[in-house]
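Remarks on the structure that follows.
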Amino acid sequence: MGSKLLDYFKQDELAASVWQGKYAQEGEETPDDMHKRLAKEFARVEENYFSGDCKENLKLLSKYGQKRKDLTEEKIYNLFKDFKYIIPQGSIMSQLGAKSIGSLSNCFVVGQPYDSYGGIMQKDQELVQLMKRRGGVGIDISTLRPEATTTSNAAKSSTGAISFMHRFSNSTREVAQNGRRGALMISIDVNHPDVLDFAKIKRDLTQVTGANISIKLNKEFMEAVESNSDYILRFPCDTQVRTNYNFTELEYNKLTTYSDKIYLKKVKAKELWDEIIKSAHGVAEPGLMFWDNMVEYSPDGVYEQFRQITTNPCSEIGMQEYDACRLIAVNLFSFIDSPFTQDAAFNYKKFYEINYEAMRLSDDLIDLEMNYITRILDKINSDPEPNEIKRVERDLWKKVYNTAKASRRTGLGITGLGDALAALNIKYDSDEGLVEIEKIMSKKMESELDCTIDLAILRGTFEGWDVETEAIPQSSGSLANFGVIGRNDFYNFISISFPEQWDRMIKHGRRNVSWSTVAPTGSL
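Quick note, the sequence shown lines up with residues 958 to 1481 if you use this note's numbering.
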């Protein structure tokens, strides 16, 4: 470790070793070299848009969009320099501009396995192929049949969805060896008949050690918990339980064949809930995903093709099958004027402008990732493996490419919130702190909305954007006047809290199907 690097980190050996081991490329002495590398790559994308930006349709842009200047390589570098304002997260810092063949995405979702050994093995290979390129993966096993149900193979009955958690976990641990990265989220629907075994599995600390696990809860189940009622688990998990069925005849906790392909199990909702909470309290898992709310409060929730299936390993973002998220964080501490003094104040104007530019860079990052996926595909095509072996990997990356191109999903978040509040002389857990956080996050949303709408005007919307999918006309046939009614709670929130952006969005659309998430910034 060189003295120049230690000087950069003010003799903090831990910070210096983390950067050198995880993010530095050959020949880079300090993060300043890295930031120049990143700025050069982002500037390459920005230059592709210079000719069209802020020329045509200028009057349609937001006020800041009309007056802002082009992002040059020098300007981008100054936003990154010293980690002061904008911090691209791990995969970007380690892979962007590097010689290695890797992905810029921090996290992926491979969806749900088809209920067959072939489907399970396909997902197992897909998650391994993504992890070896440095991405974390989410998979939902709600589609796998419950234990003891019939199969048409030599086994005659299934070992159940839970048994395959071990396969996915072990694959993740194998990929994580020797400096590679492996991270996995396994989720299951609370309706699944095997959900109790899922909830209890990590009480044995030797089980499923290569994955995080979470249960997707729904309103129907939570209402049954509150009323201390019986609840019908079912497979397939989206089966609509008929209200006229005589459930009193069902035995508790026994899987019952309702029809040729539908299975039911009656449980006491409160007892199941207590077991879930016992595990969550005792071993910190399973995590709880209030799934109805996650879909209802997400901009992608109204689009069938983009609706989330599960989350990434840290669970900060839900995504559809084969989508991925590239993460960027904005450092809130750097917007405090006169920190730790009586005059300390948050600079909302500067924050709006820099967060707007961070949102623009987030969209640029999608173009960069598509370029890097092309490199991955070229590498796969040139590999000596027979086509029949590398077919799954090649098809996987084509799906990831096409999904990124269609959704243009970004993940712009924050870091340094605790430090920022401290610098404002505000306690983290105080009412005053909540008020300040509300103001910060509101300004964050305002700038991101303005940017993604401006980008739609300049670069085009994400594929499939449709105003009638997001908003309800105020009167029949009046497509020009959508009032304040959104198709889900998220759009209602935008229409009420950000009316100016709402009006512009229903006219021009936006560039990204979703764009904001607060991810853990880890070693950053």
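Here a beta-carbon is modelled for each residue, glycine too, at the ideal position from N, C-alpha and C.
Below 8 Å between beta carbons: does that hold for residue i and residue j?
i	j	result
Ser1404	Asp1280	no
Asn1288	Thr1372	yes
Tyr1309	Lys1159	no
Gln977	Leu962	yes
Leu1036	Glu1314	yes
Leu1284	Asn1063	yes
Gly1244	Ser1272	yes
Gln1458	Ile1410	yes
Ala1105	Ser1120	no
Val1067	Lys1080	yes
Tyr1236	Glu1242	Checking the sequence, you will find Ser at residue 1236 rather than Tyr. Yes; because the gap between Cβ atoms is below 8 Å, this pair is in contact.
Trp1248	Lys1173	yes
Ala1286	Gln1046	yes
Ser1291	Lys1041	yes
Met1402	Phe1447	no
Does the Cβ of residue i have 16 or more other Cβ atoms within 10 Å, making it buried, or fewer, making it exposed?
i	result
Ile1234	exposed
Asn1014	exposed
Ser1048	buried
His1238	exposed
Asp1321	buried
Ser1452	buried
Thr1205	exposed
Pro1256	buried
Arg1102	buried
Leu1436	Unreliable positioning characterises Leu1436 in this predicted model, as indicated by a pLDDT of 49, which lies under 50. The coordinate reading is nonetheless provided below. Under this definition Leu1436 is an exposed residue.
Gly1421	exposed
Tyr1385	exposed
Lys1307	exposed
Val1392	exposed
Glu1427	buried
Tyr1209	exposed
Arg1348	exposed
Phe1007	exposed
Met958	exposed
Gln1299	exposed
Arg1366	buried
By DSSP's criteria, residue i is part of a beta bridge. Which residues make up the other side?
i	result
Ser1171	Ser1144 and Gly1244
Asp1097	Ser1144
Ile1346	Its beta-bridge partners do not exist; DSSP assigns none.
Val930	In this structure the chain extends from 958 to 1481, so residue 930 is not present and cannot be described.
Pro1045	Ile1285
Val1066	Gly1095
Ser1473	Leu1369
Ala1428	Gly1443
Using only CA atoms, which one of the options lies nearest to residue i?
i	options	result
Asp1039	Thr987, Leu1318 and Ser1051	Thr987
Cys1282	Val975, Gly1022, Asn1469 and Tyr1021	Asn1469
Thr1107	Asp1231, Glu1261, Gly1117 and Asp1376	Gly1117
Ala1377	Ile1394, Thr1367, Arg1366 and Asp1097	Ile1394
Leu1153	Asn1185, Ile1189, Glu1183 and Glu1180	Ile1189
Glu1326	Ala1055, Ile1172 and Met1122	Ala1055
Asp1352	Thr1367, Ser1339, Asp1340 and Leu1334	Leu1334
Pro1193	Leu1207, Asp1146, Lys1362 and Glu1183	Asp1146
Arg994	Ser1186, Tyr965, Val975 and Met1050	Met1050
Asn1169	Pro1270, Gln1082 and Lys1225	Pro1270
Phe1155	Lys1355, Phe1419, Tyr1074 and Ile1098	Ile1098
Lys997	Glu1030, Ser1019, Arg1025 and Gly1417	Glu1030
Ignoring anything shorter than 4 residues, give me the alpha helix (DSSP H) runs that lie fully in the segment 1156-1229, in order along the chain.
1176-1183
Unbroken stretches of the alpha helix (DSSP H), 4 residues or longer, contained in the segment 978-1018:
988-1006
Would you mind listing the beta strand (DSSP E) stretches within the segment 1252-1304 that are 3+ residues and don't spill past its ends, in chain order?
1284-1288
Which ranges does the alpha helix (DSSP H) cover as unbroken runs of at least 4 residues, wholly within the segment 1359-1407, from first to last along the chain?
1374-1380
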